[in-house]
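Under numbering that gives the first Met the number 0, the first residue of the sequence shown carries the number 0, and numbering increases by one thereafter.
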Amino acid sequence: MSRAKFVAGNWKMNVLLEPAVNALTELGKLTADATAEVVVCPTYVYLQAAVRATQGTKVSIGAQDAFWMASGAFTSRISAEMLKDLGVQYCIVGHSETRGKFGKLEVPSNTVSYFAETDETVNLKIGALLKNGIVPILCVGETAAERDAEETDQVIQSQLELGLSGFTAGQLAPLVVAYEPVWAIGTGNTCDAAEAGRVCGMIRSCLSDLFGESFASGCRVLYGGSVKASNAAELFAQPDIDGGLVGGASIDPNEFARIVHSA
Ligand code: PGA
Numbered sequence: 000m001s002r003a004k005f006v007a008g009n010w011k012m013n014v015l016l017e018p019a020v021n022a023l024t025e026l027g028k029l030t031a032d033a034t035a036e037v038v039v040c041p042t043y044v045y046l047q048a049a050v051r052a053t054q055g056t057k058v059s060i061g062a063q064d065a066f067w068m069a070s071g072a073f074t075s076r077i078s079a080e081m082l083k084d085l086g087v088q089y090c091i092v093g094h095s096e097t098r099g100k101f102g103k104l105e106v107p108s109n110t111v112s113y114f115a116e117t118d119e120t121v122n123l124k125i126g127a128l129l130k131n132g133i134v135p136i137l138c139v140g141e142t143a144a145e146r147d148a149e150e151t152d153q154v155i156q157s158q159l160e161l162g163l164s165g166f167t168a169g170q171l172a173p174l175v176v177a178y179e180p181v182w183a184i185g186t187g188n189t190c191d192a193a194e195a196g197r198v199c200g201m202i203r204s205c206l207s208d209l210f211g212e213s214f215a216s217g218c219r220v221l222y223g224g225s226v227k228a229s230n231a232a233e234l235f236a237q238p239d240i241d242g243g244l245v246g247g248a249s250i251d252p253n254e255f256a257r258i259v260h261s262a
């Protein structure tokens, strides 16, 4: 099955309002003839401006996280209903910067991760997003210690099984999965393309075991972790890599557009 390529930018807690709107406007022009799906995930507070700035372009807007309850006394949280209300179409879930110190994933010391995300909360968030017609971009990946202990495949299989438990293939049809080795995020240490391709293939075969061959062959699996314009083409040429989730290199519209065009 041929899968449309997909490139998403995660701006994390970077870029203020005016440069964000300018970058999105520029990106809209630079990607007008792109064949890949293009998504940018700015911080919550600029989502509304971002949706406006990209109207009529190929660029769609995603959030970086969502809370699973629809409404209520949850100070500081943002629901999937609220994101839908703003016209947000995608949402990252289970990023290693939100899987927390109180959760199951140990994170590098340079990553402040106090958000306590676990596979169980990831699962609840996916349910809330799907209910609201928002496409979840589920991040999975191993730490350096887990890779050294040769636990990579097992860690990712468990993240997929628990994060996606209780859903049917039909419910998960729009799902996008991103393989993000924690040690490659924001470090400049991109995973070797062949190895990234192997892990994305392993993810697809795990999805096939869980939800069937037809689901797995249609599901977009991305690679994320120090993707740049200079290494994107080699990564995206791997048969099981359908695009990228890009952090640092997504902020500059010229660099990000080059990545989009290499998909
Ligand atoms: P990076 O981040 O591209 O800056 O390594 C990727 C991510 O966190 O999704």
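Positions of the beta carbon are idealized from the N, C-alpha and C atoms, including for glycine.
DSSP three-state assignment for residue i, whether helix, strand or coil
i, result
"Phe-66", "strand"
"Cys-205", "helix"
"Gly-187", "coil"
"Ile-250", "coil"
"Leu-137", "strand"
"Ser-274", "Outside the displayed range of the chain (0 to 262) lies residue 274, so it cannot be described from this structure."
"Ser-157", "helix"
"Gly-102", "Summary for Gly-102: the model assigns pLDDT 46, below 50, so the residue's position carries little reliability; its value from the coordinates is reported in the next sentence. Of the three classes helix, strand and coil, the one that applies to Gly-102 here is coil, per DSSP."
"Val-111", "Low confidence applies to Val-111: its pLDDT is 48, below 50, so where it sits in the model is not reliable enough to give any reading."
"Gly-61", "strand"
Inter-residue Cα distance where the pair is residue i and residue j
i, j, result
"Leu-129", "Val-175", "12 Å"
"Ala-177", "Gln-156", "13 Å"
"Ala-183", "Arg-197", "16 Å"
"Gly-102", "Glu-96", "Note that Gly-102 scores a pLDDT of 46, beneath 50, so its modelled location is shaky; the value from the coordinates is reported in the next line. If you take the alpha carbons of Gly-102 and Glu-96, they lie about 11 Å apart."
"Val-111", "Glu-194", "A caution first: Val-111 carries a pLDDT of 48, below 50, which makes its placement in the model unreliable, though a value can still be read off. Cα to Cα, Val-111 sits roughly 27 Å from Glu-194."
"Phe-66", "Arg-257", "33 Å"
"Arg-98", "Leu-137", "12 Å"
"Pro-252", "Leu-23", "7 Å"
"Gln-153", "Leu-244", "22 Å"
"Ile-60", "Glu-80", "15 Å"
"Ile-250", "Ala-49", "13 Å"
"Met-201", "Lys-57", "31 Å"
Contact check, residue i vs residue j, beta carbons under 8 Å
i, j, result
"Phe-5", "Glu-25", "no"
"Val-259", "Ala-33", "yes"
"Gly-246", "Gly-162", "no"
"Leu-206", "Leu-159", "yes"
"Val-226", "Ala-248", "yes"
"Leu-46", "Val-20", "no"
"Glu-350", "Ala-172", "The question about residue 350 has no answer, for the chain in this structure spans 0 to 262."
"Ile-133", "Lys-83", "yes"
"Cys-190", "Gly-224", "yes"
Residues bridged to residue i [DSSP beta-bridge criterion]
i, result
"Asn-9", "Cys-40"
"Ala-262", "Per DSSP, none; premise fails for Ala-262."
"Tyr-222", "Tyr-178 and Gly-243"
"Ala-92", "Reading off the sequence shown, one finds Val at residue 92, where the question assumed Ala. Answer by DSSP bridge pairing, in chain order: Leu-137."
"Glu-116", "Arg-98"
Minimum Cβ-Cβ distance from residue i to chain C less than 8 Å
i, result
"Gln-47", "Of the chains in the structure shown, none is chain C; there is only one protein chain."
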